[in-house]
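Residue numbers (numbering that gives the first Met the number 0), protein chains in the order written: chain P, 0 to 238; chain Z, 0 to 478.
Built from N, CA and C at the ideal position, the CB exists for glycine as well.
Fair warning: this is a prediction, and the values are worked out from it, not measured in the lab.
Notes to accompany the following structure.
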Amino acid sequence: MPMLIAKELSVERSSQQVLKDVSLQLEQGEIHALLGGNGAGKSTTLLTFLGFLTPVSGSVHVQGRDVSEDVGAARRAIAYLPEGATLYAHLNAYENLRYFLSLAGTDTDRQVLDVALDRVALQAEAREMRMQTYSKGMRQKVAIAMAILREAPILLLDEPTSGLDPAAIDDFNRLVRDLAEGGRTILLVTHDVYGACHVADRIHLLHRGELVGTFDRPSDMDRIDTEAVHAAFATHAAA
Amino acid sequence: MMGQLTTIARAEWRLWLRSRLAFGALLIFALLLTSTSVVTALRMSEAHHGRTEQQAGAEATFLSQPDRHPHRMVHYGHYVFRAPPPLSMLDPGVDSVTGQSMFLEGHRQNTAMFADVRASAELGGFEDLTTALVYQLFLPLLLIAIGHGLIVREREENTLVPLLAQGVTGMQLYAAKWVALAGASLALLLPLAVMCAVAIGRGAAPLASAGVVGIYTAYLLVWCSLILLVSSTVRSRSLALGILTLLWLGTALIVPRIAVESASSAIPVPGKLQTDLNMQAELREVGDGHDASAPGFQQLQANLLAQYDVTRLEDLPVNFRGVVSQAAEADLTEVMNRHAEERMALEAGQARVAASFGWLSPVVAVAAGSRALSGTDLATHHRFLREAEVVRFDFVQGLNRVHAEQLPYSDDINRNIDAEAAKRTRMSAENWKVLDAFSFRPAATSERLSRANTPAAMLFAWLAMLTAIGALAARRMQP
Numbered sequence: 000m001p002m003l004i005a006k007e008l009s010v011e012r013s014s015q016q017v018l019k020d021v022s023l024q025l026e027q028g029e030i031h032a033l034l035g036g037n038g039a040g041k042s043t044t045l046l047t048f049l050g051f052l053t054p055v056s057g058s059v060h061v062q063g064r065d066v067s068e069d070v071g072a073a074r075r076a077i078a079y080l081p082e083g084a085t086l087y088a089h090l091n092a093y094e095n096l097r098y099f100l101s102l103a104g105t106d107t108d109r110q111v112l113d114v115a116l117d118r119v120a121l122q123a124e125a126r127e128m129r130m131q132t133y134s135k136g137m138r139q140k141v142a143i144a145m146a147i148l149r150e151a152p153i154l155l156l157d158e159p160t161s162g163l164d165p166a167a168i169d170d171f172n173r174l175v176r177d178l179a180e181g182g183r184t185i186l187l188v189t190h191d192v193y194g195a196c197h198v199a200d201r202i203h204l205l206h207r208g209e210l211v212g213t214f215d216r217p218s219d220m221d222r223i224d225t226e227a228v229h230a231a232f233a234t235h236a237a238a
Numbered sequence: 000m001m002g003q004l005t006t007i008a009r010a011e012w013r014l015w016l017r018s019r020l021a022f023g024a025l026l027i028f029a030l031l032l033t034s035t036s037v038v039t040a041l042r043m044s045e046a047h048h049g050r051t052e053q054q055a056g057a058e059a060t061f062l063s064q065p066d067r068h069p070h071r072m073v074h075y076g077h078y079v080f081r082a083p084p085p086l087s088m089l090d091p092g093v094d095s096v097t098g099q100s101m102f103l104e105g106h107r108q109n110t111a112m113f114a115d116v117r118a119s120a121e122l123g124g125f126e127d128l129t130t131a132l133v134y135q136l137f138l139p140l141l142l143i144a145i146g147h148g149l150i151v152r153e154r155e156e157n158t159l160v161p162l163l164a165q166g167v168t169g170m171q172l173y174a175a176k177w178v179a180l181a182g183a184s185l186a187l188l189l190p191l192a193v194m195c196a197v198a199i200g201r202g203a204a205p206l207a208s209a210g211v212v213g214i215y216t217a218y219l220l221v222w223c224s225l226i227l228l229v230s231s232t233v234r235s236r237s238l239a240l241g242i243l244t245l246l247w248l249g250t251a252l253i254v255p256r257i258a259v260e261s262a263s264s265a266i267p268v269p270g271k272l273q274t275d276l277n278m279q280a281e282l283r284e285v286g287d288g289h290d291a292s293a294p295g296f297q298q299l300q301a302n303l304l305a306q307y308d309v310t311r312l313e314d315l316p317v318n319f320r321g322v323v324s325q326a327a328e329a330d331l332t333e334v335m336n337r338h339a340e341e342r343m344a345l346e347a348g349q350a351r352v353a354a355s356f357g358w359l360s361p362v363v364a365v366a367a368g369s370r371a372l373s374g375t376d377l378a379t380h381h382r383f384l385r386e387a388e389v390v391r392f393d394f395v396q397g398l399n400r401v402h403a404e405q406l407p408y409s410d411d412i413n414r415n416i417d418a419e420a421a422k423r424t425r426m427s428a429e430n431w432k433v434l435d436a437f438s439f440r441p442a443a444t445s446e447r448l449s450r451a452n453t454p455a456a457m458l459f460a461w462l463a464m465l466t467a468i469g470a471l472a473a474r475r476m477q478p
């Protein structure tokens with residue numbers, strides 16, 4: 000059974016069409032990346048899977064269920080890492096993790112939290128500090144830890160490597176692959192073509208809400224139309 | 000669901016405790032509330048003791064008068080004082096704007112006077128800031144300060160999406176945030192509850208005291224619902240703060256002012272001078288009974304002579320002048336009471352019109368309910384005026400009865416012949432015991448609760464409306 004399906008998905012925001020006839024399908028253990036410029040519709044796709052946006056046509060399914068029929072089930076099945084690692088500045092890493100995880104119905108003790116924070120390489124001495132003192136990269140690590148700790152079968156990651164240094168990006172990519180090998184299905188949104196090529200099983204190229212290319216890795220990687228990728232980003236920037 | 004609800008509510012409380020703004024606002028409010036409560040409680044306690052002592056003193060003075068002609072005692076007069084009820088330590092209500100004492104004498108209904116000028120002078124006018132006012136006006140401001148960002152902050156800081164993505168529904172989030180703010184409000188009601196308990200210890204009715212806590216609870220929950228609704232429907236904290244500040248200005252300052260002006264326009268009450276002039280014209284026609292030979296009393300004289308089958312006033316078994324005083328006082332009182340009741344009906348009508356603005360402003364509703372339950376509303380003042388009049392009428396007629404039944408008519412009409420004659424008209428001071436002890440109490444609890452029904456209904460209507468709109472907003476909540 001496919002874990003995520005978008006079928007001829009069209010979405011409007013503020014009367015503007017932001018997705019048009021987008022179709023994609025993720026099987027268990029797969030990593031897909033959505034690439035595109037700003038406003039291409041990448042984050043919109045994730046929000047539609049979470050049921051925050053209602054398609055004007057087409058449908059989205061999570062674990063075989065139409066999201067519009069049971070949005071709660073979809074959200075329970077998904078761990079979502081939003082863009083910008085939005086966590087509470089007045090809480091420390093442990094408090095943030097405990098708060099969001101308890102809302103998701105996941106009880107965790109400190110040892111488990113530390114294991115996750117070790118996996119994302121957050122310094123031990125920073126964990127009890129309020130997040131208002133954190134750098135962007137440190138906040139991103141905590142957000143990634145939270146996505147891991149949710150133990151949801153599906154991960155939707157919006158710009159997960161934003162703010163991370165190159166070494167941390169490498170660590171993250173390894174972590175994502177480990178999670179996929181453990182059976183998690185991962186859809187990530189990124190601007191980072193290089194990172195996506197290294198970590199994703201399949202790359203979807205979005206341009207102004209339309210899917211303009213899909214490339215598999217590693218067999219099709221050589222066939223990636225880099226010209227198209229550049230054109231998608233550049234055209235949008237020009238627009 | 001309950002787990003998520005309490006988790007979110009606890010998180011909000013933790014944020015407030017860690018926020019300098021929220022903590023500072025709480026601290027300022029606590030200081031304001033403490034100082035105001037202490038000042039109000041001391042002032043009303045002092046007023047209660049002072050007026051109770053003054054009442055006892057006035058009664059002792061009246062009873063200690065020497066033997067006198069009974070009509071001299073009618074004009075010597077007596078004072079009654081309206082001792083504030085125990086719950087006035089929370090809400091003194093109309094106490095400071097209506098007279099608290101009254102001079103009672105024959106043939107007149109005097110205006111209530113102000114006895115507490117000294118206290119006002121000492122406090123430089125700040126005595127008007129009461130515990131009730133702090134709860135009615137300032138606590139909503141505190142709730143706005145800490146609560147305006149409840150949901151819009153999550154939206155602005157992009158934490159709303161991850162929150163909802165954890166499986167928390169819009170309704171659960173809305174309910175949890177409401178619980179957080181309501182919980183803070185209930186904690187802030189603790190001082191009020193403590194003061195009510197103290198008031199109960201001083202004789203306040205437990206049910207009325209519970210009613211006071213109840214009506215303020217409903218009031219604060221209205222504000223919680225309003226704040227949350229605004230916070231959930233706008234896109235920025237500054238906009239939420241602006242809208243809520245405007246709503247506060249409207250409901251706390253502008254609508255109450257409009258209510259008073261509308262009441263005055265809808266039901267004009269003639270000035271005291273005009274009322275008194277009209278009444279005096281009628282009273283002159285009735286006569287005050289000092290001139291027993293006035294034409295108005297000829298029929299009474301004829302009836303009495305016929306009743307006792309005598310031809311001369313000297314042969315009557317009662318003193319005709321005393322009987323005339325009794326009759327005249329009864330007639331005068333009827334006229335005065337009619338005018339007083341007309342005036343009180345107009346004032347009560349004005350109060351009703353003003354209170355009806357509680358449908359537009361919860362501040363107006365809670366103020367009316369609080370005064371009614373505390374026994375410090377206009378109706379209580381009217382009750383004081385009526386009870387004072389009963390005391391006045393009873394003691395004046397008691398003295399007139401002594402005049403009619405114990406003082407012989409012949410002695411009475413010849414009292415100015417010589418000193419011995421005058422001495423014979425002096426009645427024993429034992430007769431001054433016709434004066435009943437006066438101890439003013441507000442209306443029974445059931446009556447006060449009944450008067451608070453409409454304001455309470457207004458607050459519950461506000462609460463129901465805001466809850467319904469809030470539920471709609473919560474169902475449609477989008478990041």
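CB contact below 8 Å: residue i versus chain Z
i                      : result
histidine 89 (chain P) : yes
tyrosine 133 (chain P) : no
arginine 74 (chain P)  : yes
tyrosine 98 (chain P)  : yes
leucine 210 (chain P)  : no
serine 67 (chain P)    : no
leucine 49 (chain P)   : yes
proline 81 (chain P)   : yes
threonine 85 (chain P) : yes
serine 101 (chain P)   : yes
Residue i versus residue j: straight-line alpha-carbon distance, rounded
i                        : j                        : result
threonine 453 (chain Z)  : tyrosine 98 (chain P)    : 43 Å
valine 334 (chain Z)     : aspartate 275 (chain Z)  : 11 Å
arginine 176 (chain P)   : leucine 141 (chain Z)    : 50 Å
arginine 474 (chain Z)   : threonine 43 (chain P)   : 21 Å
glutamate 340 (chain Z)  : glutamate 346 (chain Z)  : 10 Å
asparagine 430 (chain Z) : alanine 301 (chain Z)    : 29 Å
asparagine 95 (chain P)  : glycine 348 (chain Z)    : 58 Å
histidine 48 (chain Z)   : isoleucine 199 (chain Z) : 17 Å
histidine 89 (chain P)   : serine 134 (chain P)     : 14 Å
valine 70 (chain P)      : leucine 163 (chain Z)    : 11 Å
serine 119 (chain Z)     : methionine 43 (chain Z)  : With a pLDDT of 49 at serine 119 (chain Z), under the threshold of 50, the modelled position of this residue cannot be trusted, and the question is left open.
DSSP three-state assignment for residue i, whether helix, strand or coil
i                        : result
leucine 128 (chain Z)    : coil
leucine 121 (chain P)    : coil
glutamine 108 (chain Z)  : strand
methionine 1 (chain Z)   : helix
valine 322 (chain Z)     : helix
glycine 50 (chain P)     : coil
arginine 138 (chain P)   : helix
methionine 426 (chain Z) : strand
serine 56 (chain P)      : strand
For residue i, the residue or residues it bridges with in DSSP
i                          : result
asparagine 91 (chain P)    : P:Arg129
leucine 18 (chain P)       : P:Val10
leucine 154 (chain P)      : P:Ala78, P:Ile185
alanine 40 (chain Z)       : Bridge partners of alanine 40 (chain Z): none, in fact.
glycine 212 (chain P)      : P:Leu204
leucine 3 (chain P)        : P:Leu25, P:Val61
alanine 32 (chain P)       : P:Leu187, P:Ile202
phenylalanine 80 (chain Z) : Z:Ser100
Test: residue i CB closer than 8 Å to a CB of chain P
i                     : result
proline 255 (chain Z) : no
proline 84 (chain Z)  : no
valine 268 (chain Z)  : no
serine 166 (chain Z)  : Looking at the sequence itself, residue 166 (chain Z) is glycine, so the reference to serine does not match. Yes, because at least one Cβ of chain P sits closer than 8 Å to the Cβ of glycine 166 (chain Z).
alanine 174 (chain Z) : no
Check each residue of the stretch 445-461 of chain Z: if its Cβ is closer than 7 Å to any Cβ of chain P, include it; give the result in chain order. none
When you check each C-beta in the stretch 130-160 of chain Z against every C-beta of chain P, which residues fall closer than 8 Å? Glu156, Asn157, Thr158, Val160
Contact list for the stretch 14-34 of chain Z against chain P, Cβ threshold 9 Å: Leu14, Arg17, Ser18
Short-range partners of chain Z found in the stretch 7-38 of chain P, where Cβ spacing is below 9 Å: none
With 8 Å as the limit, tell me which residues of the stretch 1-12 of chain Z have their beta carbon closer than that to any beta carbon of chain A; keep them in chain order. Of the protein chains in this structure, namely P and Z, none is chain A.
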